[in-house]
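Trainee: In this text, residue positions in the sequence shown follow my numbering: the first is 122, and each later residue adds one.
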Amino acid sequence: MCGISGVVSFHPIDDRLYEGVHHLEYRGYDSCGVAFLENRHIEIRKDIGTVDEVDTKRNLRHLAAHVGIAHTRWATHGKVTRENAHPHTSCGCEFAVVHNGIIANYKELREELKKKGHKFGSETDTEIIAHLIEEHFVRCGDVERAWVGALRQLQGSFALAMISPHEPEHIFCARHESPLIIGVGAESNYVGSDFNAFIDYTKNTVILDDGEYGVVSKDSYSVKSLRSGDVIDKAVTVIPWDSELSRKGGYPHYMLKEIHEQPQAVRTALNIASDDIATVADMVMAAKRTYLLGVGTTYYVALYGQYILATLADLDVSSVSSDEFRYIDKTDASSLVLAVSQSGETYDTVMSLRHAKERGAKTAAVVNVVGSSIARMVDHVILQGSGPEVCVVSTKAALVQMLLLTRLALEIGVRRKVIKPAKHREYEAALTALPGEIETLLNEQSGIIRAAAYRHAHIQNWLFLGRGIYYPIALEAALKMKEVTYIHAEGMPGGFLKHGTLSLVDDKLYTLVMAPPPSCGELHAMTMSSVEEVKARGGFVFGFSYDEKDDIFSERVALAPTHELISPFLPLVGAQLLAYFTATALKRNVDKPRSLAKSVTVA
Ligand code: F6R
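#1: Check the C-beta distance from Y428 over to G612 and give it rounded, since I have them as a contact under 8 Å.
#2: Using 7 Å as the cut-off, classify the Cβ of Q463 as near or not near the heavy atoms of the ligand F6R, replying yes or no.
#3: Would you identify the three-state DSSP class for S309, choosing helix, strand or coil?
#4: So for R388, helix, strand or coil by DSSP?
#5: Going by the C-beta, is S515 closer than 7 Å to any heavy atom of the ligand F6R?
#6: Write down the C-beta distance between I398 and I503 rounded to the nearest angstrom, noting that I regard them as a contact closer than 8 Å.
#7: Using only the alpha-carbon positions, how far apart do V336 and L596 sit?
#8: So, E311 versus T323, is the Cβ gap smaller than 8 Å?
#9: Quick check: is any heavy atom of the ligand F6R less than 7 Å from the C-beta of V499?
#10: Count the C-beta pairs between the region 166-174 and the region 140-155 that are closer than 8 Å, then say yes if the count reaches three, no if not.
#11: Under 7 Å from any heavy atom of the ligand F6R, does the C-beta of T632 make it?
#12: Given 7 Å as the limit, tell me if T703 has its C-beta closer than that to any heavy atom belonging to the ligand F6R.
#13: Going along the chain, which unbroken runs of the alpha helix (DSSP H) with 4 or more residues stay wholly within the region 233-297?
#14: Hey, could you find the ends of the alpha helix (DSSP H) V471 is sitting in?
#15: Closest to I393 by CA distance: which of M404, T553 and E232 is it?
#16: For V269 and I125, what's the separation of their Cα atoms in angstroms?
#17: Just tell me which of S640, L181 and M649 has its CA closest to the CA of L633.
#18: At a threshold of 7 Å, does E604 count as lining the ligand F6R (C-beta to nearest heavy atom)?
#19: So, at 6 Å on beta carbons, what are the nonlocal neighbours of L301 in its own chain, with the 5 sequence-adjacent residues on each side left out?
#20: Kindly indicate the opening and closing residues of the alpha helix (DSSP H) around H207.
#21: Based on Cα-Cα distance, which residue from L707, C641, L630 and I673 lies nearest to S651?
#22: Nearest-angstrom Cα distance between Q276 and A679?
#23: Classify V218: buried if its beta carbon has 16 or more other beta carbons within 10 angstroms, exposed otherwise.
#24: Cα separation between V201 and W583?
#25: Assess contact between the region 144-163 and the region 245-252, defined as three or more Cβ pairs (one per stretch) separated by less than 8 Å. Is contact present?
#26: Quick one: is A423 buried, meaning 16 or more other Cβ sit within 10 Å of its Cβ, or exposed?
#27: Could you tell me which uninterrupted beta strand (DSSP E) segments, each at least 3 residues in length, are contained entirely in the region 530-599, listed from first to last along the chain?
#28: Using 7 Å as the cut-off, classify the Cβ of G124 as near or not near the heavy atoms of the ligand HEM, replying yes or no.
#29: Please work out which residues of its chain come closer than 7 Å, Cβ to Cβ, to A550, disregarding the five sequence neighbours upstream and downstream, and give them in chain order.
#30: Consult DSSP for F661 and reduce its assignment to one of helix, strand or coil.
#31: I'd like to confirm something about L145: is its beta-carbon nearer than 7 Å to some heavy atom of the ligand F6R, or not?
#32: Run through DSSP, which three-state label would Y412 get?
#33: What span of residues does the alpha helix (DSSP H) with D628 cover, start to end?
#34: From the DSSP output, read off the bridge partner residues of M613.
#35: Where H609 and L600 are concerned, what is the direct C-alpha to C-alpha distance, given to the nearest angstrom?
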């Protein structure tokens with residue numbers, strides 16, 4: 122999960138490579154670098170640090186060259202050092218390569234190349250690719266043939282871009298199990314890990330599929346099959362997003378901007394055609410068994426889906442974390458695998474889908490990124506249309522995915538006659554009210570939540586509790602806190618507490634409880650009993666609660682009364698704000714927290 126950008130142009134590159142990797146920094150940011158052709162020589166500028174830090178040290182801007190590639194890294198093979206930063210070059214510096222993915226057979230290839238006299242300057246798997254191309258080129262004298270020959274020897278996953286003074290007008294690129302696209306511009310063409318690499322310049326993209334490579338020049342491009350060498354006719358996809366949407370728009374961080382975009386993102390998702398939802402409902406109804414897949418936040422979304430389908434549609438589905446799916450996968454032609462993914466590129470989810478497809482299962486997905494691998498590989502995709510989510514931490518995408526699974530559960534509930542028409546109308550009205558209710562919370566409670574976050578930012582350990590459908594919400598809220606503040610936050614069902622974890626309760630551990638509205642009856646009462654349990658042991662309990670009679674909390678954020686159906690969404694937004702403001706109180710790198718990348722495209 123690194124970011125690749127490339128430009129080949131009639132005009133000087135100037136800042137375009139710098140901007141490209143800058144906009145891709147959410148994919149990784151421990152080091153970065155550029156390679157460009159100057160007087161038929163490859164010039165490399167790279168170092169450790171963020172794109173801006175490397176720019177200050179090495180100057181990545183104002184480039185007069187017309188062909189160049191760039192990379193921002195999230196280390197997988199080899200430490201974070203200047204030597205391991207990309208681009209990597211061959212012995213004679215005639216081929217410069219940037220790479221996203223993992224080359225599974227790099228050790229064997231490296232040994233072979235060493236025997237042939239190649240000298241390596243880094244610990245990376247990527248560097249062997251430059252040497253392999255060189256090895257083939259010495260034999261055939263043709264860059265494209267050398268490129269293809271080298272790629273055919275690689276096992277594992279790769280998105281690659283390469284330049285060479287032997288082909289000074291071209292960028293070579295390729296994709297296998299890691300995303301890579303071509304941007305088709307005016308008097309310039311681009312390559313990128315995704316369209317953020319070039320969205321300021323063109324919205325027209327050509328999406329490479331696995332096993333394809335591209336040869337890109339100033340005014341043309343061609344895509345070919347790596348296996349046969351045949352030219353492949355590719356459609357141009359127009360990205361529907363505006364570059365402005367990817368900017369901060371006055372907010373101090375993307376995370377806060379994206380939290381505030383939720384009302385609009387929900388409105389958009391409510392307008393997604395019912396037919397789209399109905400198609401997935403057909404698939405669920407036809408399947409003997411449905412598996413909901415996601416990982417990290419999207420696993421919690423999947424778990425939410427399991428609860429909402431059980432609640433509204435009386436349907437039993439299994440939610441599984443994508444990274445674990447392979448160990449329990451019993452899918453066959455009667456199964457449906459429904460995946461959830463913001464990026465549509467997450468390795469574990471892609472691989473689980475691929476595996477299930479091989480076993481004959483039907484597949485569907487809820488995805489945010491148009492043209493992504495998952496969006497294209499499944500039998501049916503619901504594109505959530507939430508707009509770019511730039512902050513590494515997912516907020517609006519996850520909330521909208523939960524909403525879409527709620528719509529799916531409603532559709533199936535009606536078909537299974539679990540939901541009567543009058544109840545259905547009531548539910549629809551509740552969903553329509555959700556954007557306004559999120560707006561009210563953002564307007565009225567942000568200040569209160571901010572003050573609480575600053576007051577409690579010194580607390581190092583949190584328990585996040587929820588019961589029923591509030592349990593996945595508590596898990597997701599705890600993940601938000603962990604990833605953006607680096608504070609330990611553990612989510613669990615309220616009922617779990619007394620089976621061990623109560624031992625941790627003291628004045629240094631705080632508990633956050635998501636309380637349902639009192640109309641939820643027993644669920645509300647049981648949740649409040651968890652609050653009592655913690656309080657009885659002297660613990661501090663912070664509550665998101667709808668009922669002013671919930672007066673046993675040590676501190677309570679009062680939520681405006683709402684319909685049960687949408688009641689889990691509001692404490693989720695509250696918890697996103699709590700995590701965000703705690704992170705700002707602690708001066709964390711909010712949009713790019715440590716050890717996290719937006720799109721985990723490696724195993
Ligand atoms: C957390 C977060 C991650 C992602 C996970 C799956 O805030 O963003 O846990 O949810 O890496 O990514 P996608 O949704 O792109 O498949």
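We put the CB at the ideal spot given by N, CA and C, even for glycine.
Mentor: Here's the rundown:
#1: For the purposes of this step, residue 428 is identified with residue 307 of the sequence shown, where counting begins at 1. For the purposes of this step, residue 612 is identified with residue 491 of the sequence shown, where counting begins at 1. Their Cβ separation, rounded to whole angstroms, is 14 Å, which puts Y428 and G612 out of contact at 8 Å.
#2: Position 342 of the sequence shown holds residue 463. Q463: yes, Cβ under 7 Å from the ligand F6R.
#3: Here residue 309 refers to the residue found at position 188 of the sequence shown. Note: S309 maps to strand in three-state DSSP.
#4: As a working mapping, residue 388 is identified with position 267 in the sequence shown. Helix at R388.
#5: By one-based count along the sequence shown, residue 515 stands at place 394. Within the cutoff, so yes.
#6: Locating residue 398 in the sequence shown gives position 277, where the first residue counts as 1. Locating residue 503 in the sequence shown gives position 382, where the first residue counts as 1. Contact flag correct, Cβ pair sits at about 7 Å.
#7: Position 215 of the sequence shown, counted from the first residue, corresponds to residue 336. Position 475 of the sequence shown, counted from the first residue, corresponds to residue 596. Taking the straight line from one Cα to the other gives about 45 Å.
#8: Walking along the sequence shown from the start, residue 311 turns up at place 190. Walking along the sequence shown from the start, residue 323 turns up at place 202. A quick correction: the sequence has Tyr, not Glu, at residue 311. Yes, they are a contact pair.
#9: The count along the sequence shown starts at 1 and reaches residue 499 at position 378. The ligand F6R never approaches V499 closely enough for any of its heavy atoms to be under 7 Å from the residue's Cβ.
#10: They touch, by the three-pair rule.
#11: One-based indexing of the sequence shown puts residue 632 at position 511. Checking the Cβ of T632 against the ligand F6R gives no.
#12: For the purposes of this step, residue 703 is identified with residue 582 of the sequence shown, where counting begins at 1. Checking the Cβ of T703 against the ligand F6R gives no.
#13: 248-261 and 264-273
#14: In the sequence shown, counting from the first residue as 1, residue 471 sits at position 350. Y468 to E479 is the span of the alpha helix (DSSP H), which, as asked, contains V471.
#15: Taking the sequence shown and counting its residues from 1, the one referred to as residue 393 is at position 272. Nearest option by C-alpha distance: T553.
#16: On the sequence shown, position 148 is the one that residue 269 refers to. On the sequence shown, position 4 is the one that residue 125 refers to. Cα to Cα, the separation comes out at about 19 Å.
#17: Indexing the sequence shown from 1 puts residue 633 at position 512. The option with the nearest alpha carbon to L633 is M649.
#18: Position 483 of the sequence shown, counted from the start, is the residue given in the question as residue 604. Answer for E604: yes, Cβ within range of the ligand F6R.
#19: As a first step, residue 301 is located in the sequence shown; it is residue number 180 there, counting from the start. Correct list, in chain order: A280, C294 and L329.
#20: Position 86 of the sequence shown, counting from 1, holds the residue named residue 207. Per DSSP, H207 is not a residue of any alpha helix (DSSP H), being assigned neither H nor E.
#21: Within the sequence shown, numbered from 1, the residue matching residue 651 stands at position 530. Among L707, C641, L630 and I673, the Cα nearest to that of S651 is on I673.
#22: Mapped onto the sequence shown, residue 276 falls at position 155. Mapped onto the sequence shown, residue 679 falls at position 558. Whole-angstrom Cα-Cα distance: 55 Å.
#23: By 1-based counting over the sequence shown, the position of residue 218 is 97. V218 should be labelled buried.
#24: Walking along the sequence shown from the start, residue 201 turns up at place 80. Walking along the sequence shown from the start, residue 583 turns up at place 462. So the two alpha carbons sit approximately 31 Å from each other.
#25: no
#26: The sequence position of residue 423 within the sequence shown is 302, counting from 1. Flag for A423 reads buried.
#27: 582-587
#28: By its list of ligands, the structure shown excludes the ligand HEM, since it contains just the ligand F6R.
#29: In the sequence shown, the residue the question calls residue 550 occupies position 429. Closer than 7 Å at Cβ, skipping near neighbours: no residue.
#30: Within the sequence shown, the letter at position 540 stands for residue 661. Strand at F661.
#31: Counting from one through the sequence shown, the residue named residue 145 turns up at place 24. Checking the Cβ of L145 against the ligand F6R gives no.
#32: Working through the sequence shown from its first residue, we reach residue 412 at position 291. It is a strand residue.
#33: The residue labelled residue 628 in the question sits at position 507 within the sequence shown. Careful: D628 lies outside any alpha helix (DSSP H) and carries neither H nor E.
#34: Residue 613 sits at position 492 when you count from the first residue of the sequence shown. DSSP, once it has assigned bridges, lists L586 as partnering M613.
#35: Your numbering for residue 609 matches position 488 in the sequence shown. Your numbering for residue 600 matches position 479 in the sequence shown. So the two alpha carbons sit approximately 9 Å from each other.
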